[in-house]
Every structure is written in C-alpha cells, then in structure tokens.
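J.: Converting from the sequence shown to our numbering requires adding 1277 to each position, the first position being numbered 1. Once you've had a glance at the structure underneath, I'll fire off some questions.
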Amino acid sequence: MNQCQIITLLLSASVLSGCAGLKGRAPEYPIVVDASAPPSAPASTAISAPVQLAPVTPAAKPISDAKVAPVAEPTMQRTPIAVEEATEKATPAAVTPVSVAPIATSQAKPIASTVPSLLDAAFTEGLTSCSTIANRPPVTLMPEDRVIAESGGALRLGSSLRVGAGLFDDQATSAVGPVTYRYVASYRGLSADLVQITEGGVISYILLNRHTGAQARLSDIPTPSPDGRYFAAAVVKRFDFTGVEIIEQVGGSWAKGVQVSDAPAPCDLRWLTGDSLSVRVWNNGARRDAVVQSSNQTWTTTIR
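The following block contains the structure:
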C-alpha cells in the first residue's frame, strides 16, 4: 500500500467518526486519487472537505433519565358529623313475673264454637266434650241474616221470624221480661230447624218441624240420633235439673220430652244406635262411663 492509499483510508475513517451517532448520514463520495501521480505531488482535483453535522440533541429526555416529581395528594378536610342524641330515652317497662297456677281439665275454657248453618251429629256431639262442657262459654252464632239466606226456608220481617210453618214474634215485655227469637240452623237431611229463644236473659232452644210447625223445647243444642227419630241434649246444670233431655219426633210432631236424671252432669254424649247413647256421668266423686238406653219406652241409665 502506497502513501496515497494510506491517506485515503485515514480521511475516510475521520469522516466516519465525525458522523457517528446520527440516524441518517450524508452521502459519502469516494475520494478519487490519481494513482499515476508521483507520491509527493498533490492531486490535480481539489478535494472538498467533508461536512461534519453536529449531532441533534433530542428535546425529550429518555425515560430512564427523566425525573418525575411525585404529585402531592390533595388534602381533604374531614369534618365529623355531630349526631344529636335524643333528649328522652325509652325506659323499658318493668316486667313483673306472673305465677300461673295449673288449670284443671274441668276448668279449661275452650274457644267458643261457631254454630254452622247446617248441623250434624259430629258438631253437636263435640259441644258435649267433658273437657269443655262444665265451663263452656255461650256458643257463637252466625249472623242471622246470613243463616237465613243459606237456609232457604226462613224469613225475618222486623220482629217476626218465620221458619217454614212456624211463626215467632219478639216481645218487648212479658212475665219474665223481653222475649226474643233467633234462627240458628237446620239439621242436615232432617225436617228439623233450631231456633234460640231468650226469655228474661235465660237461653233455651226450640226444635221445629218446618213442615208442620210442631215445636219442642230443650235446654241446650240437641244431637240427633242416626235415624233422626230422637234428639238428646246434655244438661250439666239448669235450675234444679242435671241429666240428659230426650225428645222424640213422631209423624211430624214431637212426643213428650223425657229428662233422664240418673245421668248427672253428663258429658261426651254420643249416640251408639237409634235408641241408645253413651255418656260420661259424675258418680261417687268421679267420672264414669254410662249407657242411656230406651227399653219399653222407658229410658234408663247403666253406669259401668
């Protein structure tokens, strides 16, 4: 390699080092050297000095060099809310313990039964339960206008009550005081209706044959026998009588009622056959089972 070639290489290296770091560099033009000229003689073509461009400094700093000042969190003023306490505070009521004495079965008072507009033995027998009959409250009757509407055979006109062939008139005054009548119900499958009568505050019941108008008086709501021939009412105490009242219906009328007094304080009355019924009676200081039965048109009581 001669001296001219060495100079050419050095100049090329200098240009390259001056343009280092630039993204785009100016086009490089080769320097033409006449190799035939003597080494000491300068080249006949003037050589233009290469233009050296200053590196462009980017306006934004690299992320690694940028220093980000932390943003201060705004300070929030928290003002506590004042809760106003009630000036008056509820004082719990003092609880006084109540001593409840056990209730004997005979003293238990059930909820009053509501009499339906259509009676049957299942309901009327339930009214004679031993656990309730001694202290049974007055039964609750349905509103009369509703019962009359469901009966199909009763009618109320002011103070007059008509049930089939029977007619009842309320009286403001009588020997025992005011007398009022109230339609109660009819018996399922039978030609019998029940009317409540109140005389001077004393309540009793009238059995009525709606076709004939025949009437029979009983002390309480009676229970029909399976064939509908007899009606029996358990009477715990009414005036000076206690026992079972029985009435017989014969040919559209009522035979004379019977009071069976050898069945005292009866309860749990239930018909066994058409002419016999079971009942519990008070005998020798205890409840005992008994049977009240008709024999030769006489009702007798057998205590077991």
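By construction, the Cβ of each residue, glycine as well, lies at the ideal position given by its N, Cα and C atoms.
Quick check: A1542 and W1559, are their CB atoms within less than 8 Å of each other?
T.: Against a cut-off of 8 Å, the Cβ pair of W1559 and A1542 comes out as a contact.
J.: With distances taken Cα to Cα, identify the nearest neighbour of P1440 among S1451, V1537, S1571, D1422.
T.: Before going on, a small fix: residue 1440 reads as Val here, not Pro. Nearest of S1451, V1537, S1571, D1422 to V1440, Cα basis: D1422.
J.: Would you report the Cα separation of L1444 and V1472, rounded to the nearest angstrom?
T.: The alpha-carbon atoms of L1444 and V1472 are separated by roughly 11 Å.
J.: At the level of alpha carbons, what is the spacing between V1527 and L1467?
T.: Computed Cα separation, rounded: 13 Å.
J.: Evaluate contact between the stretch 1485–1501 and the stretch 1393–1401, counting only Cβ atoms and requiring at least three cross-stretch pairs below 8 Å.
T.: Short answer: they touch.
J.: Here's a check: name, in chain order, each residue in its chain whose Cβ is nearer than 7 Å to the Cβ of H1488, leaving out the five neighbours to either side.
T.: Only G1441, A1442, S1468, G1529 meet the Cβ criterion.
J.: Kindly indicate which residue of S1463, A1491, D1446, G1490 has the alpha-carbon position closest to the one of T1475.
T.: Looking at the Cα atoms, D1446 is the closest of the given residues.
J.: Can you grab the Cα-Cα spacing for the pair V1513 / E1525, in whole Å?
T.: Rounded to the nearest angstrom, the two C-alpha atoms are 21 Å apart.
J.: To the nearest angstrom, report how far apart I1483 and A1563 are at their CA atoms.
T.: Those two C-alpha atoms are separated by around 32 Å.
J.: Smallest Cα separation from Y1464: which of A1449, N1486, V1479, A1452?
T.: Ranking A1449, N1486, V1479, A1452 by Cα distance to Y1464 puts N1486 first.
J.: Tell me the rounded alpha-carbon separation between S1571 and S1408.
T.: Taking the straight line joining both Cα atoms gives about 27 Å.
J.: Roughly how many angstroms lie between the CA atoms of R1454 and G1477, to the nearest whole one?
T.: The sequence shown places Gly at residue 1454, not Arg. Each residue's Cα considered, the two are about 4 Å apart.
J.: Let's see if you can read the secondary structure: which residues bound the beta strand (DSSP E) around V1480?
T.: It is worth fixing the name first, because residue 1480 is Ile in this sequence and not Val. Unbroken beta strand (DSSP E) run through I1480: 1479–1486.
J.: Where V1268 and T1575 are concerned, what is the direct C-alpha to C-alpha distance, given to the nearest angstrom?
T.: Lying before the first or after the last residue shown, residue 1268 is absent from the chain, which here runs from 1278 to 1581.
J.: Count the other C-beta atoms from every protein chain shown that fall within 10 angstroms of the C-beta of V1551, then say buried if there are 16 or more, exposed otherwise.
T.: Residue 1551 is actually Gly in this sequence, not Val. Counting Cβ neighbours within 10 Å, G1551 comes out exposed, since fewer than 16 surround it.
J.: Out of curiosity, what's the CA-to-CA distance linking D1566 and V1521?
T.: One C-alpha to the other measures close to 14 Å.
J.: How many Å lie between T1457 and Q1448 at the Cα?
T.: The alpha-carbon atoms of T1457 and Q1448 are separated by roughly 6 Å.
J.: Quick check: what's the CA-CA separation for V1416 versus S1496?
T.: When rounded, the distance between both Cα atoms is 13 Å.
J.: Expressed to the nearest angstrom, what Euclidean distance is found between the alpha-carbon atoms of V1569 and Q1492?
T.: Using only the alpha carbons, I get a separation of about 24 Å.
J.: State buried or exposed for R1557, treating a residue as buried only when at least 16 other CB atoms are found within 10 Å of its CB.
T.: It is buried - the Cβ of R1557 has at least 16 other Cβ atoms within 10 Å.
J.: According to DSSP, S1463 sits in a beta bridge with which residue or residues?
T.: Paired residues: L1395, D1470.
J.: Could you check where the alpha helix (DSSP H) with I1425 kicks off and where it finishes?
T.: Segment 1421–1428, the alpha helix (DSSP H) holding I1425.
J.: With a CB to CB cut of under 7 Å and the five nearest residues on each side skipped, what residues in its chain are close to S1436?
T.: Closer than 7 Å at the Cβ level, and outside the excluded window around S1436, lie D1446, D1447.
J.: Run the CB neighbour count on I1425, radius 10 Å, all protein chains shown included, and call it buried at 16 or more, exposed below.
T.: It is buried - the Cβ of I1425 has at least 16 other Cβ atoms within 10 Å.
J.: Considering only the beta carbon of each residue, do D1545 and S1406 sit closer than 8 Å?
T.: Yes, they are a contact pair.
J.: Taking all protein chains shown into account, do 16 or more other C-beta atoms lie within 10 angstroms of the C-beta of V1479, making it buried, or fewer, making it exposed?
T.: Counting Cβ neighbours within 10 Å, V1479 comes out exposed, since fewer than 16 surround it.
J.: Smallest Cα separation from I1523: which of D1470, A1510, F1516, R1515?
T.: Comparing Cα-Cα distances from I1523 to each of D1470, A1510, F1516, R1515, the minimum goes to A1510.
J.: To the nearest angstrom, how far is it from the Cα of S1428 to the Cα of R1547?
T.: Whole-angstrom Cα-Cα distance: 26 Å.
J.: Could you tell me which residues DSSP puts in a beta bridge with F1518?
T.: According to DSSP, which records beta bridges pairwise, F1518 is partnered with R1515.
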